[in-house]
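All remarks here apply to the structure that follows.
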Amino acid sequence: MLRRLLLTLASLCLAANAAVAQGKPTLTVYTYGSFAGKYGPGKTVKERFEATCGCELSWVTAEDAGSLVGRLRLEGADTKADVVLGLDVNLAAEARALNVFARHGVEVKDLSLPIAWSDDTFVPFDWGYYAFVYDADKLPNPPKSLKELVESPNGPKVVLQDPRTSAPGLGLLLWMQKVYGDKAGEAWAQMKPRIVTFTKGWSEAYGLFLKGEADMVMSYTTSPAYHIAVEKKNNYKAAIFQEGHYLHVEIAGMTRTTKQPELARKFMAFVLSEPFQSAMPEGNWMMPAKAPAAGLPTAFKDLAQPQKALLFTPEDVQQNRRAFTDVWLNATAR
Amino acid sequence: MRGKLPHPGSLVAFALLALVAGGFVALAAIGGERPTLLSIGPYLWRVLAFSIVQAALSTLLSLALGLALALALARRRFPGRGMVLALLGTTMVIPTIVAVFAVFAVYGRSGWAAEIAALLGWNNSFSIFGYPGILIAHVFLNGPFVARILLDALSLVPAEHWRLASAFGFSPAHVFRHLDWPVLRAELPGLAGLVFLLCFKSFAIVLALGGGPSRSTLEVAIYEALKIDLDFGRAAWLSLIQLAICLTLTGVLNWAFTRPPTAHTVRGLIRRPDARSGALQLLDAVILTAAALFIAPLAFSLLSGLNDIPDVVDADLLRAFATSMTIAVIAAMIACLLALALASAARRWRVTLRSPRVAAFYDFLPNTLLAVPPFALTAGLFLILRRFVDPSAAGIILLPLINGLAAMPFAYRSLAPRLLTAEERYGRVAASLGVIGANKLMIMDWPLIRRPLGAAFALAMALSFGDFGIIALFGGQDLVTLPYLLFERLGSYRLDEAAAIGLFIVLVAFTLAHMSGRLSHAGD
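Chains as they are written, first to last, in this note's numbering: chain F, 1 to 334; chain H, 335 to 858.
Below, the structure is given as C-alpha cells:
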C-alpha cells in the first residue's frame, strides 16, 4: 500500500519532467487555476503554442493572481517559472519589486486596450472593465452612475468583495477613489446600508448574487457574455456608469532567471498574436488585448461599453493602497 | 530502565516545536529583512476583540448543541441512527465556501426559511448578516462534530458501571451525575479548545456572513500581508500574535481542567436505565427534533449539486480524486503516527512518572498546530525546504505534511484516551512481566487502539480531503485536488459544477465518517 502510494507520488513528480526526457525543452508558465482549468483557455493556448515552438508548455497554477505573486516571492530566484501569466496590473508594482522579472523585449503596439501601454516588463494579454452586474428582469432601472448607486438611499443592494483579499474588491476601492477622491470615505459610509457583505473572493460574491442575495454584484462588463454564450440567458447585464469604469488588465512577464530565454521571449510575443488572443474572449471571458482580425464573438459584440477608462498607475496603487484601505475600513467598519 | 534514548513522543514534540519555530523565523527573515515589530493599533484590537468574542460564542453554542445531541442520541436507538452519526462526523469537513452557500440557501434573502415565512404571511426581512450568520455556520460545522466525539466518549462508560447503576436503581439525574458527567467533563475542555481554535481562525465564513469589515478575524490580516502586501515579516508577526492568544486561551482551559484519569473497560451495547424515563423521552424528542430542524436543511441544501454530478465526472475529476486520496492517506498516516507518539509520551508522564502537568503539556501541544495559520506555516516551511529540495517538489512534500499536522489534534483526541485505558488495565501486569517498548505497543496497546486508530485514520483522511488552504499556493497541473477543482470551476462561472464537486467531497467525507463510526462503535 505504502509502496504504491510513494510510487504514485514519485510518478506525479516525474510526469512534470517527462518532456525533458523526450528531448523537447519545456517552457514552464505559472498562471492562476481557472486559466489552465477545464473551461479556461489554457488547453487551447498550450496546443497552439506547442504547434509552433517545438517545445512542451507546462502550466503550473496557483489559486489566483495574489497567490501567484506570493509564490514568486517565496521562490525568489529559484523559481522554475519561465513566464508568469495572469498578474493583476494593480499589483504590478509589488511584482516588479520582487526583482524576478526581465524585460520582455516584445514590440507592444496596435493594442485594443482603452489606455496607452508602455511597460517594458509586463505585456497585457486581456482586459475588462469592472462593472456592477444585475438581472434586468428583477432590476429594470439600474443606476446610471456610480454616484447614483452610492447616493440613492433606496437604491439596489450590492454584494462586494473585500479589498484586502480580492482583486475586484481592490478594483472597486480604486474606482471609488477615482470618482470621489478625498470624499471616498463619506461615499463608502453612504453606501454602507445597502452593502450586503464583502466576501473573500469574486466567486462567493457572484454566487450570492446568482442565488438572489443582492440586486447587483461587483464583477466585469464581460460577465454577461458568459450567460449569453453558455447559458443562453440575456437577462444579466452590466450597468454602465457615466463617470467611467475602473479598468482590469491582466498581464504577463518573463523571469530573469529563466533557462529558456529564447522560448520565453517567443511565448511573450505569442501572447499578443492571433492564436492566443482569439482564445481569450470565450475562454477567459475577458476582452482580448489585441482585437482578433475576425472580430469578437457575437456574445461580446452586443456588450455595453463604458465610455471612459479609469486607472491608477501601479506605483500610485502601491503607495496609496494602505491609505485607501484604511479610509474604507474607517467608513465601513462601524 | 529505559536507557538514555529519549521517548519517541519527546522527539516528536521537539520536532514539532522546531518546525513551527523554524517556519516563523524563516518567514520573518526572508530576504534579510528585519522583521518590523508592529504595534497593535486600534484596528487590530478591534479585529482581535471580535475574533475572540465570535469564537467564544461559536464554541459555547457548538458545545451546547453537541452536548444535548450526544446525550439524546446515547439514550435512543432508532432506524437510521448509524447514518445520522455518520452525518454528524461529516459536517466539519464541508469546504467553507460550500457551507457559506448552504447557509444562504436556507436562511438567505431568497432562502427556504424566507420562502416559508412568506407562505405564512410574515414579511419582515430578516437579515442573517453579522453574528446570526457566523454563528449558524460555525455551529453547523462544529456542533455535530462535538456531538460525535462526546457520543463516542459516552459509549466508553464501562459495562459494569451500568450494571451497578441498574442494580442500585439510579434515577436519570444520578445517571447523569455519576456516569455521563465524568466522561463529558474529561472531554469538554479539549473539545472546547479545538472548536475555539477552528472558529478563531475562520476566515471566508466570517467575511461572507459577517456583513462588514468590522467583522473580520486576524487570519484576514495575515492573508492580506502574505498575498497582497507581500510583507512576510508582518505576516509572521501577526501569526505569532494569533499563536500566543490561542495557546494562552486553550492552555488555561487545559490547565484548569486537567484530564482526570477515566476508567474505560469492556464495552458492550448497553440498554441505559434512564432510557425509560418519560421526562427524558420528551426532552430527547425535543432535542432531536430541534437539532434535525437545524442541521437537516443545511445538509440537504448540499444535495442541490446532485443533478450536476454526471456532468462533472470526467478524467479531471477522477485524477483529482486519486490525488486527493493519495494525499489524504499520507496525511492520515502522519497524523496518526505523530498522535500515537505524543499520546504515549503523555501517558508515560501521567501514569509512570506521575506528573500530570507535564502530561498536560503533551495534551496541549497538538493545539499549537491548529493555532498556527496554515498559510503562514506553509510559507515558512517552504522557505526552509527550498534550500534542500527543488521548489517544484516542495509542494508535493508540504501538502501531505501540513494536512497531516492539521489533522493530528483530531487523531490525538481519539487515541490518547484509549492508550490511557490500556495502561490502566494492563500497565502493572505488563510492567511486572517486563514488557516494554515496541513489545508493549504490540501486545498491550494494539488490541485496544486498533479500532480508534482506524477511526482516527478515517477522520484525518476526511479532514485532509476537504482542505483547500495550502493547495491555493502549491496546486498545479500535477497537484489538482478536489477542492482545487472546485475553485477552478467557480472561477469559470461554473457554479453548478462547483456545487456538484462540493457534494462529491462531502459524500466521500460521509463515507469515511461512516467507516470511522463503525470502527469506533464496535465493541472491543
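Quick reminder that beta carbons are idealized off the backbone N, C-alpha and C, glycines included.
Problem set entry | Pairwise C-alpha distance: residue 685/H and residue 347/H | Counting from one through the second sequence, the residue named residue 347/H turns up at place 13. Counting from one through the second sequence, the residue named residue 685/H turns up at place 351. In a straight line, the C-alpha of residue 347/H is about 19 angstroms away from that of residue 685/H.
Exercise. Could you check where the alpha helix (DSSP H) with residue 63/F kicks off and where it finishes?
Worked result: Here the question's residue 63/F lines up with position 63 in the first sequence. No alpha helix (DSSP H) contains residue 63/F, which DSSP labels as neither H nor E.
Exercise. For chain H, is any of its Cβ atoms less than 8 angstroms away from the one on residue 78/F?
Worked result: Against the first sequence, residue 78/F aligns to sequence position 78. Yes, residue 78/F counts as interfacial toward chain H.
Exercise. Do the segment 714-723 of chain H and the segment 746-753 of chain H make contact, defined as three or more Cβ pairs closer than 8 angstroms?
Worked result: no
Exercise. Can the beta-carbon of residue 840/H be found closer than 8 angstroms to that of residue 430/H?
Worked result: Walking along the second sequence from the start, residue 840/H turns up at place 506. Walking along the second sequence from the start, residue 430/H turns up at place 96. No, Cβ-Cβ distance for residue 840/H and residue 430/H is not below 8 angstroms.
Exercise. Taking C-alpha atoms, which residue in 345/H, 795/H and 824/H lies nearest to residue 849/H?
Worked result: Start at 1 with the first residue of the second sequence, and residue 849/H comes out as number 515. Considering only alpha carbons, the answer is 795/H.
Exercise. Buried or exposed: which applies to residue 361/H, given that a residue is buried once 16 or more other Cβ atoms fall within 10 Å of its Cβ?
Worked result: In the second sequence, the residue the question calls residue 361/H occupies position 27. Its Cβ being crowded by 16 or more others within 10 Å, residue 361/H is buried.
Problem set entry | Beta-carbon neighbours of residue 377/H, restricted to chain F and to distances below 7 angstroms | Position 43 of the second sequence, counted from the start, is the residue given in the question as residue 377/H. Those within 7 angstroms of residue 377/H in chain F are 329.
Exercise. Measuring CA to CA, which of 836/H, 830/H and 825/H is closest to residue 63/F?
Worked result: On the first sequence, position 63 is the one that residue 63/F refers to. It is 825/H.
For this session: Kindly say whether residue 333/F, judged by its beta-carbon, lies nearer than 8 angstroms to any beta-carbon of chain H.
Result: Here residue 333/F is taken as the residue at index 333 of the first sequence, counted from 1. True, the Cβ-Cβ gap to chain H drops below 8 angstroms.
For this session: Give, in chain order, every residue of the segment 440-464 of chain H whose Cβ lies closer than 9 angstroms to some Cβ of chain F.
Result: 442, 443, 444, 445, 461 and 463
For this session: Evaluate the contact criterion for the segment 223-242 of chain F versus the segment 130-145 of chain F: three or more CB pairs, one atom per stretch, below 8 angstroms.
Result: yes
Exercise. Starting from residue 376/H and walking both ways along the alpha helix (DSSP H), at which residues does that stretch end?
Worked result: What you label residue 376/H is simply residue 42 of the second sequence in a count that begins at 1. From DSSP, the alpha helix (DSSP H) with residue 376/H extends over 376-409.
For this session: Compare the C-beta of residue 33/F against all C-beta atoms of chain H and say whether one is closer than 8 angstroms.
Result: Residue numbering aside, residue 33/F sits at position 33 when the first sequence is read from its first letter. True, the Cβ-Cβ gap to chain H drops below 8 angstroms.
Problem set entry | Residue of 95/F, 159/F and 74/F minimising C-alpha distance to residue 201/F | The residue given as residue 201/F occupies position 201 in the first sequence. Per the Cα distances, 159/F.
Problem set entry | Span of the alpha helix (DSSP H), counted from its first residue to its last, around residue 227/F | What you label residue 227/F is simply residue 227 of the first sequence in a count that begins at 1. Here the alpha helix (DSSP H) through residue 227/F covers 223-229.
Exercise. Ordered along the chain, which non-local residues of its own chain (more than five positions away) have a Cβ less than 6 angstroms from that of residue 838/H?
Worked result: As a first step, residue 838/H is located in the second sequence; it is residue number 504 there, counting from the start. There are no such residues.
Exercise. In the segment 405-434 of chain H, which residues sit with their C-beta less than 7 angstroms from some C-beta in chain F, listed in chain order?
Worked result: 431 and 434
Exercise. Is the Cβ of residue 650/H closer than 8 angstroms to any Cβ of chain F?
Worked result: Looking up residue 650/H in the second sequence gives position 316. Cβ-Cβ to chain F under 8 angstroms: yes for residue 650/H.
Problem set entry | Contact set for residue 817/H: own chain, Cβ-Cβ below 6 angstroms, skip 5 residues either direction | As a first step, residue 817/H must be located in the second sequence, where it is residue number 483. Once the five neighbours on either side are set aside, the close Cβ partners of residue 817/H are 429 and 802.
For this session: Alpha carbon to alpha carbon, how far is residue 542/H from residue 204/F? Give it in angstroms, no decimals.
Result: As a first step, residue 204/F must be located in the first sequence, where it is residue number 204. As a first step, residue 542/H must be located in the second sequence, where it is residue number 208. Each residue's alpha carbon lies about 7 angstroms from the other.
For this session: Compare the C-beta of residue 38/F with all C-beta atoms of chain H and state if any pair is closer than 8 angstroms.
Result: Indexing the first sequence from 1 puts residue 38/F at position 38. Yes, residue 38/F counts as interfacial toward chain H.
Problem set entry | Nearest residue (CA-CA) to residue 286/F, options 255/F, 225/F and 154/F | On the first sequence, position 286 is the one that residue 286/F refers to. If we check each option's Cα against that of residue 286/F, 225/F comes out closest.
For this session: Would you decide whether residue 581/H is buried or exposed? Buried here means 16 or more other CB atoms lie within 10 Å of its CB.
Result: If you number the second sequence from 1, residue 581/H lands on position 247. Residue 581/H comes out buried.
Exercise. When the Cα of residue 172/F is compared with those of 324/F, 333/F and 222/F, which residue comes out closest?
Worked result: Sequence index remark: in the first sequence, residue 172/F carries index 172 (1-based). Checked all of 324/F, 333/F and 222/F; the closest Cα to residue 172/F is 324/F.
For this session: Please name the residue in 291/F, 144/F, 139/F and 254/F whose C-alpha comes closest to that of residue 99/F.
Result: Walking along the first sequence from the start, residue 99/F turns up at place 99. Among 291/F, 144/F, 139/F and 254/F, the Cα nearest to that of residue 99/F belongs to 254/F.
Problem set entry | Every unbroken alpha helix (DSSP H) within the segment 783-817 of chain H, with a cutoff of 4 residues, ordered by chain | 805-808
Exercise. Which same chain residues, not among the five before or five after residue 384/H, have their C-beta less than 8 angstroms away from its C-beta?
Worked result: Residue 384/H sits at position 50 when you count from the first residue of the second sequence. Excluding residues within five positions, the ones whose Cβ falls inside 8 angstroms are 548, 549, 550 and 551.
Problem set entry | Rounded straight-line distance, which links the Cα of residue 212/F to that of residue 155/F | Along the first sequence, one-based indexing puts residue 155/F at 155. Along the first sequence, one-based indexing puts residue 212/F at 212. C-alpha separation (whole angstroms): 16 angstroms.
Exercise. With distances taken between CB atoms, is the gap from residue 742/H to residue 703/H smaller than 8 angstroms?
Worked result: As a working mapping, residue 742/H is identified with position 408 in the second sequence. As a working mapping, residue 703/H is identified with position 369 in the second sequence. Contact: yes.
For this session: Identify which residue in 288/F, 292/F and 83/F has its Cα closest to the Cα of residue 31/F.
Result: As a working note, residue 31/F is residue 31 in the first sequence. Comparing Cα positions, the closest option is 83/F.
For this session: With 8 angstroms as the threshold, decide whether the Cβ of residue 828/H is near any Cβ in chain F.
Result: Here residue 828/H refers to the residue found at position 494 of the second sequence. Answer yes: the Cβ-Cβ gap between residue 828/H and chain F drops below 8 angstroms somewhere.
Exercise. Leaving out five residues before and five after residue 2/F in sequence, what residues of the same chain have Cβ atoms less than 7 angstroms from its Cβ?
Worked result: Counted from its first residue, the first sequence places residue 2/F at position 2. The predicted model places residue 2/F with a pLDDT of 49, which falls under 50 and marks its position as unreliable, so this point remains unresolved.
Exercise. Does the distance from the CB of residue 80/F to the CB of residue 121/F come in under 8 angstroms?
Worked result: Translated into positions along the first sequence, residue 80/F becomes position 80. Translated into positions along the first sequence, residue 121/F becomes position 121. The answer is no: Cβ separation not under 8 angstroms.
Problem set entry | Pick from 256/F, 252/F, 310/F and 326/F that is closest to residue 119/F, judged by C-alpha positions | Position 119 of the first sequence, counted from the start, is the residue given in the question as residue 119/F. For the residues 256/F, 252/F, 310/F and 326/F, the minimum Cα distance to residue 119/F belongs to 252/F.
Exercise. Closest Cβ-Cβ distance between residue 132/F and chain H: below 8 angstroms?
Worked result: Numbered from 1 along the first sequence, position 132 holds the residue referred to as residue 132/F. Output row for residue 132/F: interface = no.
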